[in-house]
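Participant: I have a structure I would like to understand better, so I am pasting it below and will then ask my questions one at a time.
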Amino acid sequence: MEQNPSRETGELVVQLKDNVSVEEFVAQTGMVFVRKLKLRKDYYLFKYDRVNHKNGLDSIPVLSLETLAVSYERNRYHNNVPSEYNPTDSLFYDQFHLKNTGQYDGKTGVDANVSPAWDKGYFGKNITISILDDGVDHAHEDLSSNFMMKGSWDYCLDQNDPIGTRNDTHGTSCAGIAAATDGNGVCGLGVAPKANFNMRRILCDGSTYSDIAEALTDESQGVIHVTSNSWGPVQCDKDGCYYWTTPSFVRDAVLDAVQNGREGKGIVYVWAVGNYAEYGGNVNFARGSKIAQVIGVAAVNNDGGHSFYSSVGSAIVVSGVSSGYNSKGNYTGTRTTDRATTTSCRDDFGGTSSATPVVAGVVALILEANPNLNYWQVQQIIIETASRENLQTDNWIQNSKGFYYHEHFGFGLVDASAALDAALNWDADPTFEQFETDLQTVNKIIPDNGGSDDYLTEKIQVEKNYTIVGGVEIRISITHDFIGDIGIHLESPSGTNIDIVEPHIDYNPNLHNYPLFAKNFYGESSKGEWTIRVYDGYEDDIGTLDSYKLIFYGIPHESDPTPTPDPSGSISNFGNYSFLLSFFLLAIIQLIIF
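Residue numbers (my numbering): 1 to 594.
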């Protein structure tokens, strides 16, 4: 057995020789100075540079260290205290989304891997989660100690108290998944059981999108760190699936909050991708979750399969464990808080509604560990630490930088422990920026009933070299009587290809400047020739590709991209409308919960 099996931090604790300065040590080794330790002797903490030291601390020549230092040792996470955290809450051992031991015919390890994060002493302290939903039973014994009336609001009744009605159970359950308190023996506990939360009640008759814009951004009564959104407009119904554009002022409110919220570091937005997979639902048809700066969350069942309802697509970031039918055909719901009933607990919650506050709780743990992270860095950490290990599919797309993506799961299952460790050691990243290409006017006919070899293919040369972090957005205009006939693919210069949307039932006409997102190009360069392929999956009706442009979200570089891809997929720390009026009027008030 290894003498010290505890995990390394990527740092060295160094006692320098008398004639060696910190600056000289940095110059000779390429390491990064962290700080001087508060010890009687002069010990200094240095960490390796991920760019200069591809093999971590093993990249630093021993001879250089021995020449410069009296002593040097690898820094590690200790295994001594705190001891293992064992909650006493009655439902904890049934909460497979937190710790899956195979209960309810699940698969061991298909969970948020949150227990190791708790063992390190992180519970979401001093972090505020804002939950947008239908209200909350804030007198609930498992929620009252973490609930904040300050910052809460009922946008339906225009009052401070967001308690809602006895039928408004959804928000109470979401709050319990994210931040139910621990150690009181009641129900279970949340992912971040010591985080504070407020409630913005928006899911009710009379709520408007201007209410939503305010609910998403208002920090007038205190800093909001993360918002959890288990709701959205109707994406599909029995008659088909529809393209829906988030109102521009809501989108602008989110963009302002990620730039200026949380004292300039940006509010972190977590959003459900929807429960429409049975109808062919795709996250690119609708959702706030397809804004580049937002973390879109899909759902996984308790043995690692795709939850049958969870909408698919190229704009998903990560997955959380929720309800669903497992491989044995058994349906299991998640355990959480309920409106005050005989038990005040429930075992039948689920959907992407339940997966989303799991991820919001993980974000709270990340920000407790490193409150200086900005919203892009949090998204990077979530992406780079997501796990594929226990997910039931082999159909992953690997991009040229080694990152895997799946239209069901995004980059994988959220991993609280790995994300926390990454947050504690995250380097400061360069400024994140976005740029867009010129509008490409096409006006060409799309081949009717096209197969895999019958696309309208358009290529665009991009000269700017950005490392893609937030994804690639296509703004596209298409004229077609039945827009659901159309499928769209996007291919990067390095050959990574993704289906953005596929043909489906949608009898509405046309798209105008419509935003579509692809997250799977994470880490790749924007520079080079991008290829868009558009096809018509049904015969008889002919349409045209009118125009398009690409928008890139990432880190700018002056030099050309590195030609050799990194196949490891390990943490690299890159440092990141028109449509039918009648449907618009219907959907603007028809918010539904997931």
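C-beta atoms are modelled at their ideal positions from N, C-alpha and C, and glycine is treated no differently.
What you are looking at is a predicted structure, and each value in this text was computed from that prediction instead of being measured.
Look up C174 in the DSSP assignment and say whether it is helix, strand or coil.
Facilitator: Against the sequence shown, residue 174 aligns to sequence position 174. Shown here, C174 sits in a helix according to DSSP, grouped into three states.
Participant: What does the Cβ neighbour count give for A27, buried or exposed, with the cut at 16 atoms within 10 Å?
Facilitator: Mapped onto the sequence shown, residue 27 falls at position 27. It counts as exposed.
Participant: For L91, which residues in the same chain have their Cβ closer than 7 Å to its Cβ, ignoring the five residues on either side in sequence?
Facilitator: In the sequence shown, the residue the question calls residue 91 occupies position 91. Closer than 7 Å at the Cβ level, and outside the excluded window around L91, lie C187, G188, R335, C345.
Participant: Count the other CB atoms, across all protein chains shown, that sit within 10 Å of the CB of N284; report buried if there are 16 or more and exposed otherwise.
Facilitator: Residue 284 sits at position 284 when you count from the first residue of the sequence shown. Buried, since its Cβ has 16 or more Cβ neighbours within 10 Å.
Participant: Just tell me which of F123, Q159, D154 has its CA closest to the CA of N146.
Facilitator: The residue labelled residue 146 in the question sits at position 146 within the sequence shown. The shortest C-alpha separation from N146 is found at F123.
Participant: Find out if the Cβ-Cβ distance for the pair C241, D540 is shorter than 8 Å.
Facilitator: The count along the sequence shown starts at 1 and reaches residue 241 at position 241. The count along the sequence shown starts at 1 and reaches residue 540 at position 540. No; because the gap between Cβ atoms is not below 8 Å, this pair is not in contact.
Participant: Where G471 and G554 are concerned, what is the direct C-alpha to C-alpha distance, given to the nearest angstrom?
Facilitator: As a working note, residue 471 is residue 471 in the sequence shown. As a working note, residue 554 is residue 554 in the sequence shown. Distance between the alpha carbons of G471 and G554: 8 Å.
Participant: Using DSSP with H/G/I as helix, E/B as strand and the rest coil, what is Q380?
Facilitator: Taking the sequence shown and counting its residues from 1, one reaches residue 380 at position 380. Residue state, collapsed to three classes: helix.
Participant: Using the Cα positions of Y331 and D303, report the straight-line distance between them to the nearest angstrom.
Facilitator: The count along the sequence shown starts at 1 and reaches residue 331 at position 331. The count along the sequence shown starts at 1 and reaches residue 303 at position 303. Those two C-alpha atoms are separated by around 11 Å.
Participant: Quick test of the definition: if touching needs 3 or more C-beta pairs under 8 Å, does the segment 542 to 549 touch the segment 407 to 426?
Facilitator: no
Participant: Please report the straight-line C-alpha distance between D161 and F409, rounded to a whole angstrom.
Facilitator: Here residue 161 refers to the residue found at position 161 when the sequence shown is read from its first residue. Here residue 409 refers to the residue found at position 409 when the sequence shown is read from its first residue. The alpha-carbon atoms of D161 and F409 are separated by roughly 36 Å.
Participant: In this structure, how does DSSP classify R388 when only helix, strand and coil are distinguished?
Facilitator: Position 388 of the sequence shown, counting from 1, holds the residue named residue 388. In the structure shown, R388 sits in coil (DSSP, three-state: anything other than H, G, I, E or B).
Participant: For A605, which three-state DSSP category applies?
Facilitator: No answer is possible for residue 605: it lies beyond the span of the chain, which begins at 1 and ends at 594.
Participant: Classify I127 as helix, strand or coil using the three-state DSSP reduction.
Facilitator: The count along the sequence shown starts at 1 and reaches residue 127 at position 127. Coil.
Participant: Among E278, K444, G10, N513, whose alpha-carbon lies nearest the alpha-carbon of R74?
Facilitator: Translated into the one-based positions of the sequence shown, residue 74 becomes position 74. Closest option to R74, Cα to Cα, is G10.
Participant: Find the nearest neighbour of L367 within the set I382, S354, T356, S353, judged by alpha-carbon distance.
Facilitator: One-based indexing of the sequence shown puts residue 367 at position 367. Comparing alpha-carbon positions, the option among I382, S354, T356, S353 lying closest to L367 turns out to be I382.
Participant: Identify, in the order they occur along the chain, each residue of the same chain with its Cβ nearer than 6 Å to the Cβ of C236, setting aside the five sequence neighbours on each side.
Facilitator: Here the question's residue 236 lines up with position 236 in the sequence shown. Result list for C236: Y276, Y279, G281, in chain order.
Participant: Assuming the contact rule is C-beta atoms closer than 8 Å, L596 and A180 should be a hit. Round their C-beta distance to whole Å, please.
Facilitator: Within the shown structure, residues of the chain are numbered from 1 to 594, placing residue 596 beyond reach of any answer.
Participant: Under 7 Å Cβ to Cβ from G222, same chain only, skipping five residues before and after it: list those, please.
Facilitator: Counting from one through the sequence shown, the residue named residue 222 turns up at place 222. Cβ within range, chain order: T128, K150, G151.
Participant: For V254, collect the residues of the same chain with a Cβ closer than 8 Å to its Cβ; drop the 5 residues on either side in sequence, then sort them by chain order.
Facilitator: Locating residue 254 in the sequence shown gives position 254, counting from the first residue. L216, T217, Y269, G288, I291, Q293, V294.
Participant: Start and end of the alpha helix (DSSP H) containing G361?
Facilitator: Your numbering for residue 361 matches position 361 in the sequence shown. DSSP places G361 inside the alpha helix (DSSP H), whose first and last residues are 352 to 369.
Participant: Quick check on this structure: which residue in P247, Y104, F96, K125 has the alpha carbon closest to the alpha carbon of N113?
Facilitator: Sequence index remark: in the sequence shown, residue 113 carries index 113 (1-based). For N113, the nearest C-alpha among the options comes from F96.
Participant: Should I267 and V273 be called a contact, given that it needs their Cβ atoms to be closer than 8 Å?
Facilitator: On the sequence shown, position 267 is the one that residue 267 refers to. On the sequence shown, position 273 is the one that residue 273 refers to. It is not a contact, given that the beta carbons lie outside the stated cut-off.
Participant: Could you check if P503 is buried or exposed, using at least 16 other CB atoms within 10 Å of its CB as the buried criterion?
Facilitator: To locate residue 503, count along the sequence shown from 1; it is residue 503. When all chains shown are included, P503 counts as buried.
Participant: What does the alpha-carbon distance come out to for the pair S220 and W153?
Facilitator: Locating residue 220 in the sequence shown gives position 220, where the first residue counts as 1. Locating residue 153 in the sequence shown gives position 153, where the first residue counts as 1. Each residue's alpha carbon lies about 12 Å from the other.
Participant: State the beta-bridge partners of L511 as determined by DSSP.
Facilitator: The residue you call residue 511 lines up with position 511 of the sequence shown. The partner list for L511 (beta bridge, DSSP) reads I478.
Participant: To which residues does DSSP link C345 through a beta bridge?
Facilitator: Here residue 345 refers to the residue found at position 345 when the sequence shown is read from its first residue. Looking at the DSSP assignment, C345 forms a beta bridge with T337.
Participant: Pop quiz: Y535 and L456 are said to be a contact at Cβ under 8 Å. What is the actual Cβ separation, rounded to whole angstroms?
Facilitator: Counting from one through the sequence shown, the residue named residue 535 turns up at place 535. Counting from one through the sequence shown, the residue named residue 456 turns up at place 456. Beta-carbon to beta-carbon, Y535 and L456 are separated by about 7 Å, close enough to satisfy the 8 Å threshold.
Participant: Under the three-state reduction of DSSP, which class applies to Y242: helix, strand or coil?
Facilitator: For this step, residue 242 is matched to residue 242 along the sequence shown. Looking at Y242 - three-state DSSP - the assignment turns out to be coil, as it is neither helix nor strand.
Participant: Is it the case that the segment 511 to 525 contacts the segment 466 to 486, given that we only count it when at least three CB pairs across the two stretches are under 8 Å?
Facilitator: yes
Participant: With a cut-off of 8 Å on the beta carbons, I'd call N399 and T496 a contact; round off their distance for me.
Facilitator: In the sequence shown, counting from the first residue as 1, residue 399 sits at position 399. In the sequence shown, counting from the first residue as 1, residue 496 sits at position 496. The Cβ separation is near 4 Å, so the contact holds.
Participant: Please report the straight-line C-alpha distance between T169 and V378, rounded to a whole angstrom.
Facilitator: Taking the first residue of the sequence shown as 1, we reach residue 169 at position 169. Taking the first residue of the sequence shown as 1, we reach residue 378 at position 378. Computed Cα separation, rounded: 30 Å.
Participant: Taking the CB atoms as reference points, tell me whether T352 and A299 lie closer together than 8 Å.
Facilitator: Here the question's residue 352 lines up with position 352 in the sequence shown. Here the question's residue 299 lines up with position 299 in the sequence shown. Cβ atoms of T352 and A299: closer than 8 Å.
Participant: Can you list, in chain order, the residues of its chain whose CB lies under 7 Å from that of N370, leaving out five sequence neighbours each side?
Facilitator: As a first step, residue 370 is located in the sequence shown; it is residue number 370 there, counting from the start. The answer, listed in chain order, is A423, L424, W426.
Participant: Taking buried to mean at least 16 other C-beta atoms within 10 Å of its own C-beta, is N19 buried or exposed?
Facilitator: Reading the sequence shown from its first residue, position 19 is the one you call residue 19. It is exposed - the Cβ of N19 has fewer than 16 other Cβ atoms within 10 Å.
Participant: Quick one, are the C-beta atoms of T356 and W244 less than 8 Å apart?
Facilitator: Here residue 356 is taken as the residue at index 356 of the sequence shown, counted from 1. Here residue 244 is taken as the residue at index 244 of the sequence shown, counted from 1. If you check the CB distance, T356 and W244 do not come in under 8 Å.
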